[in-house]
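Below: the structure, in C-alpha coordinates.
In the numbering used here, the protein residues as written are 916 to 1174.
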(Lines of atoms letter the chains of each structure in order from A and count residues from 1; the text may use other names and numbers.)
(Lines give C-alpha, C1' and ligand atoms only; values in the text may rest on other atoms or scores of the structure.)
Protein backbone atom coordinates (compact mmCIF):
# COMPACT_ATOMS: atom_id res chain seq x y z
CA UNK A 1 0.00 0.00 0.00
CA UNK A 2 1.26 3.48 -0.86
CA UNK A 3 2.56 5.52 2.05
CA UNK A 4 3.66 9.10 2.45
CA UNK A 5 6.95 9.93 0.74
CA UNK A 6 8.96 12.29 2.96
CA UNK A 7 11.23 13.36 0.08
CA UNK A 8 8.27 14.25 -2.15
CA UNK A 9 6.54 16.09 0.69
CA UNK A 10 9.69 18.07 1.51
CA UNK A 11 10.12 19.31 -2.08
CA UNK A 12 8.06 22.33 -1.07
CA UNK A 13 9.42 22.63 2.46
CA UNK A 14 9.60 26.44 2.45
CA UNK A 15 6.01 26.87 1.29
CA UNK A 16 4.64 24.23 3.66
CA UNK A 17 6.50 25.64 6.67
CA UNK A 18 5.14 29.18 6.23
CA UNK A 19 1.68 28.50 7.69
CA UNK A 20 3.27 26.33 10.40
CA UNK A 21 5.29 29.24 11.71
CA UNK A 22 2.30 31.57 11.44
CA UNK A 23 0.46 29.07 13.63
CA UNK A 24 3.33 28.89 16.13
CA UNK A 25 3.28 32.70 16.37
CA UNK A 26 -0.22 32.44 17.85
CA UNK A 27 1.02 30.29 20.75
CA UNK A 28 1.95 31.93 24.05
CA UNK A 29 5.42 30.50 24.72
CA UNK A 30 5.53 30.66 28.52
CA UNK A 31 5.04 27.59 30.71
CA UNK A 32 4.75 24.84 28.09
CA UNK A 33 6.09 21.82 29.93
CA UNK A 34 4.36 19.05 27.94
CA UNK A 35 3.08 19.23 24.37
CA UNK A 36 1.96 17.03 21.47
CA UNK A 37 2.28 17.63 17.73
CA UNK A 38 -0.45 15.62 15.99
CA UNK A 39 0.39 14.63 12.43
CA UNK A 40 4.05 15.52 12.90
CA UNK A 41 5.26 14.24 9.52
CA UNK A 42 9.04 14.28 9.19
CA UNK A 43 9.37 15.78 12.68
CA UNK A 44 11.70 18.58 11.66
CA UNK A 45 9.16 21.30 12.41
CA UNK A 46 8.12 19.51 15.61
CA UNK A 47 11.65 19.74 16.98
CA UNK A 48 12.07 23.33 15.80
CA UNK A 49 8.80 24.41 17.44
CA UNK A 50 9.77 22.71 20.70
CA UNK A 51 13.01 24.68 20.73
CA UNK A 52 11.39 28.01 19.83
CA UNK A 53 8.60 27.66 22.40
CA UNK A 54 10.83 26.29 25.15
CA UNK A 55 8.80 23.07 25.49
CA UNK A 56 10.03 20.70 28.16
CA UNK A 57 8.69 17.53 26.55
CA UNK A 58 7.26 17.35 23.00
CA UNK A 59 5.94 14.16 21.42
CA UNK A 60 5.11 13.96 17.72
CA UNK A 61 2.33 11.60 16.66
CA UNK A 62 1.91 10.22 13.14
CA UNK A 63 0.46 7.12 11.48
CA UNK A 64 2.90 6.96 8.55
CA UNK A 65 5.82 4.54 9.02
CA UNK A 66 7.82 6.43 6.39
CA UNK A 67 7.31 9.78 8.13
CA UNK A 68 8.18 8.34 11.54
CA UNK A 69 11.34 6.77 10.13
CA UNK A 70 12.35 10.19 8.84
CA UNK A 71 11.44 11.78 12.18
CA UNK A 72 13.77 9.40 14.02
CA UNK A 73 16.67 11.48 12.68
CA UNK A 74 15.58 14.53 14.70
CA UNK A 75 14.93 12.82 18.05
CA UNK A 76 16.56 14.92 20.75
CA UNK A 77 16.35 15.40 24.52
CA UNK A 78 12.74 16.34 25.20
CA UNK A 79 11.59 15.49 21.65
CA UNK A 80 10.21 12.05 20.78
CA UNK A 81 7.90 10.47 18.22
CA UNK A 82 5.28 7.73 18.34
CA UNK A 83 2.84 5.99 16.03
CA UNK A 84 -0.78 6.87 16.60
CA UNK A 85 -4.15 7.72 15.07
CA UNK A 86 -4.88 11.41 15.55
CA UNK A 87 -8.59 10.74 15.00
CA UNK A 88 -8.84 8.85 18.29
CA UNK A 89 -5.85 10.29 20.17
CA UNK A 90 -6.30 12.03 23.51
CA UNK A 91 -4.46 12.37 26.81
CA UNK A 92 -5.34 12.64 30.48
CA UNK A 93 -5.73 16.43 30.76
CA UNK A 94 -1.97 16.70 31.29
CA UNK A 95 -0.72 18.76 28.33
CA UNK A 96 0.01 22.46 28.00
CA UNK A 97 -0.20 22.48 24.20
CA UNK A 98 -1.82 20.43 21.46
CA UNK A 99 -0.48 21.42 18.04
CA UNK A 100 -1.76 20.09 14.71
CA UNK A 101 -0.53 21.52 11.42
CA UNK A 102 -2.18 20.36 8.16
CA UNK A 103 -3.35 17.06 9.63
CA UNK A 104 -6.90 17.50 10.96
CA UNK A 105 -8.32 17.55 7.42
CA UNK A 106 -7.48 13.85 7.01
CA UNK A 107 -9.95 12.74 9.69
CA UNK A 108 -13.72 12.95 9.99
CA UNK A 109 -15.93 14.38 12.73
CA UNK A 110 -13.96 17.50 13.57
CA UNK A 111 -16.24 18.41 16.50
CA UNK A 112 -15.60 15.01 18.10
CA UNK A 113 -11.88 14.98 17.33
CA UNK A 114 -11.32 18.52 18.62
CA UNK A 115 -13.25 17.67 21.78
CA UNK A 116 -10.81 14.79 22.42
CA UNK A 117 -7.83 17.04 21.75
CA UNK A 118 -9.14 19.71 24.11
CA UNK A 119 -9.75 17.03 26.77
CA UNK A 120 -5.98 16.40 26.67
CA UNK A 121 -5.27 19.93 27.90
CA UNK A 122 -4.83 20.95 31.50
CA UNK A 123 -6.31 24.30 32.69
CA UNK A 124 -4.51 27.10 30.87
CA UNK A 125 -3.57 24.76 28.02
CA UNK A 126 -3.46 25.90 24.41
CA UNK A 127 -4.76 24.44 21.16
CA UNK A 128 -3.21 25.48 17.82
CA UNK A 129 -4.50 23.95 14.58
CA UNK A 130 -4.09 24.70 10.88
CA UNK A 131 -6.12 23.08 8.10
CA UNK A 132 -6.17 23.59 4.32
CA UNK A 133 -9.37 25.16 3.04
CA UNK A 134 -8.75 24.97 -0.71
CA UNK A 135 -11.08 22.14 -1.67
CA UNK A 136 -12.64 24.40 -4.31
CA UNK A 137 -9.29 24.92 -6.09
CA UNK A 138 -8.74 23.15 -9.41
CA UNK A 139 -5.85 21.25 -7.84
CA UNK A 140 -8.54 19.31 -5.95
CA UNK A 141 -11.37 19.43 -8.47
CA UNK A 142 -9.23 18.04 -11.30
CA UNK A 143 -8.12 14.96 -9.36
CA UNK A 144 -11.69 14.25 -8.25
CA UNK A 145 -12.78 14.38 -11.89
CA UNK A 146 -9.98 12.12 -13.16
CA UNK A 147 -10.95 9.55 -10.53
CA UNK A 148 -14.33 9.17 -12.29
CA UNK A 149 -12.66 8.18 -15.58
CA UNK A 150 -11.57 4.76 -16.78
CA UNK A 151 -9.54 2.78 -15.97
CA UNK A 152 -9.37 4.48 -12.59
CA UNK A 153 -13.02 4.41 -11.56
CA UNK A 154 -13.15 0.63 -12.11
CA UNK A 155 -10.04 0.23 -9.97
CA UNK A 156 -11.92 2.11 -7.25
CA UNK A 157 -14.89 -0.27 -7.70
CA UNK A 158 -16.96 2.72 -8.78
CA UNK A 159 -16.34 4.54 -5.50
CA UNK A 160 -13.38 6.97 -5.76
CA UNK A 161 -11.96 8.26 -2.47
CA UNK A 162 -13.52 11.50 -1.29
CA UNK A 163 -11.54 14.71 -1.04
CA UNK A 164 -10.81 15.06 2.70
CA UNK A 165 -10.71 18.87 2.56
CA UNK A 166 -14.11 19.10 0.89
CA UNK A 167 -15.63 16.35 3.01
CA UNK A 168 -14.18 17.16 6.42
CA UNK A 169 -13.11 20.79 6.78
CA UNK A 170 -15.62 23.19 8.33
CA UNK A 171 -16.08 26.90 7.64
CA UNK A 172 -13.96 29.32 9.74
CA UNK A 173 -17.01 30.61 11.60
CA UNK A 174 -17.99 27.04 12.49
CA UNK A 175 -14.56 26.42 14.02
CA UNK A 176 -14.88 29.66 15.97
CA UNK A 177 -18.21 28.61 17.44
CA UNK A 178 -16.92 25.10 18.12
CA UNK A 179 -13.84 26.30 20.00
CA UNK A 180 -15.99 28.62 22.07
CA UNK A 181 -18.30 25.74 22.96
CA UNK A 182 -15.25 23.65 23.93
CA UNK A 183 -14.23 26.23 26.53
CA UNK A 184 -12.04 28.78 24.74
CA UNK A 185 -13.38 32.18 25.79
CA UNK A 186 -11.66 34.11 22.98
CA UNK A 187 -10.82 31.75 20.11
CA UNK A 188 -8.70 33.13 17.30
CA UNK A 189 -9.78 31.76 13.91
CA UNK A 190 -8.77 33.22 10.56
CA UNK A 191 -8.80 32.31 6.88
CA UNK A 192 -5.51 33.17 5.20
CA UNK A 193 -4.45 32.94 1.56
CA UNK A 194 -0.83 31.93 0.97
CA UNK A 195 0.37 33.13 -2.46
CA UNK A 196 2.90 30.45 -3.41
CA UNK A 197 4.78 31.43 -6.58
CA UNK A 198 5.59 28.14 -8.32
CA UNK A 199 8.01 27.65 -11.25
CA UNK A 200 5.09 26.57 -13.45
CA UNK A 201 1.49 25.40 -13.34
CA UNK A 202 2.77 21.83 -13.62
CA UNK A 203 4.57 22.27 -10.29
CA UNK A 204 1.16 21.94 -8.64
CA UNK A 205 1.15 18.29 -9.76
CA UNK A 206 4.36 17.67 -7.82
CA UNK A 207 2.87 19.47 -4.81
CA UNK A 208 -0.24 17.29 -4.80
CA UNK A 209 1.77 14.09 -5.36
CA UNK A 210 3.12 14.68 -1.87
CA UNK A 211 -0.29 15.19 -0.29
CA UNK A 212 -3.77 14.90 -1.81
CA UNK A 213 -2.96 12.36 -4.55
CA UNK A 214 -1.84 9.85 -1.91
CA UNK A 215 -5.44 8.91 -1.19
CA UNK A 216 -5.79 7.74 -4.81
CA UNK A 217 -2.45 5.92 -4.89
CA UNK A 218 -3.38 3.99 -1.74
CA UNK A 219 -6.29 2.37 -3.58
CA UNK A 220 -4.86 2.09 -7.08
CA UNK A 221 -2.56 -0.74 -8.17
CA UNK A 222 1.03 0.38 -8.63
CA UNK A 223 0.82 0.24 -12.44
CA UNK A 224 -1.91 2.91 -12.41
CA UNK A 225 -0.09 5.45 -10.24
CA UNK A 226 1.77 7.17 -13.07
CA UNK A 227 -1.13 7.01 -15.57
CA UNK A 228 -3.34 8.66 -12.94
CA UNK A 229 -0.73 11.36 -12.30
CA UNK A 230 -0.38 12.03 -16.03
CA UNK A 231 -4.15 12.18 -16.58
CA UNK A 232 -4.36 14.55 -13.62
CA UNK A 233 -1.62 16.74 -15.08
CA UNK A 234 -3.46 17.00 -18.40
CA UNK A 235 -6.78 17.80 -16.74
CA UNK A 236 -5.27 20.31 -14.31
CA UNK A 237 -3.37 22.24 -17.00
CA UNK A 238 -6.51 22.35 -19.15
CA UNK A 239 -8.18 24.15 -16.24
CA UNK A 240 -5.47 26.50 -14.96
CA UNK A 241 -3.34 26.93 -18.10
CA UNK A 242 0.39 26.38 -18.57
CA UNK A 243 1.90 29.43 -16.87
CA UNK A 244 5.55 30.07 -16.00
CA UNK A 245 5.64 31.11 -13.19
CA UNK A 246 2.28 30.27 -11.62
CA UNK A 247 0.66 31.74 -8.51
CA UNK A 248 -0.76 28.90 -6.43
CA UNK A 249 -3.22 30.71 -4.13
CA UNK A 250 -3.65 28.38 -1.16
CA UNK A 251 -6.35 29.02 1.46
CA UNK A 252 -5.80 27.81 5.01
CA UNK A 253 -7.64 28.15 8.32
CA UNK A 254 -5.54 28.92 11.40
CA UNK A 255 -7.10 28.57 14.83
CA UNK A 256 -5.88 29.03 18.38
CA UNK A 257 -7.39 29.08 21.84
CA UNK A 258 -6.36 29.01 25.49
CA UNK A 259 -8.42 27.44 28.26
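By construction, the Cβ of each residue, glycine as well, lies at the ideal position given by its N, Cα and C atoms.
From a predicted model like this one, the values you see are computed outputs, not experimental measurements.
For secondary structure counted as the beta strand (DSSP E) over 3 or more consecutive residues, the region 957-1004 holds these complete runs in sequence order: 972-977 and 994-998. Per DSSP, the continuous beta strand (DSSP E) segment holding residue 1103 begins and ends at 1103-1113. Sixteen is the threshold: when 16 or more other Cβ atoms of the shown chains lie within 10 Å of the Cβ of residue 1122, as they do, the residue is buried.
Boundaries of the beta strand (DSSP E) harbouring residue 1016: 1010-1016, taken from the DSSP string. Between the region 929-947 and the region 979-991 there are fewer than three C-beta pairs closer than 8 Å, too few to call the two in contact.
Collapsing the DSSP output to three states places residue 1068 in a helix.
Membership of residue 1020 in any alpha helix (DSSP H) is not indicated, and neither H nor E is assigned to it by DSSP. Taking residue 956 as the centre and dropping the five residues before and after it, the same chain places the C-beta of 982 closer than 6 Å to its C-beta, in chain order.
Out of 1024, 1165 and 1020, the CA that lies nearest to the CA of residue 1106 is found in 1165.
One alpha carbon belongs to residue 1029, the other to residue 1005, and they sit about 10 Å apart.
Annotation for residue 1155: no beta strand (DSSP E) segment contains it, though the alpha helix (DSSP H) segment containing it runs 1140-1155.
Closest option to residue 1161, judged by alpha-carbon separation, among 1143, 1115 and 1091: 1115. A direct Cα-to-Cα measurement between residue 1018 and residue 1167 gives close to 12 Å. Three or more beta-carbon pairs separated by less than 8 Å link the region 998-1017 to the region 1028-1047, which places the two stretches in contact.
In this structure, residue 1132 keeps its C-beta atom at 9 Å or more from the C-beta atom of residue 1067.
Rounded to whole angstroms, residue 1094 and residue 1061 show a C-alpha spacing of 36 Å. For residue 1075, the closest of 1146, 1038, 1059 and 965 by C-alpha to C-alpha distance is 1059. Residue 1161 has 1113 as its beta-bridge partners, per DSSP. The beta carbons of residue 1079 and residue 1130 sit closer together than 9 Å. Counting the other Cβ atoms within 10 Å of the Cβ of residue 946 gives fewer than 16, which makes it exposed.
The beta carbon of residue 1170 sits closer than 6 Å to those of 1044, 1090 and 1104, all from its chain and outside the five residues before and after it, given in chain order.
Put simply, the backbone Cα of residue 979 is about 10 Å away from that of residue 997.
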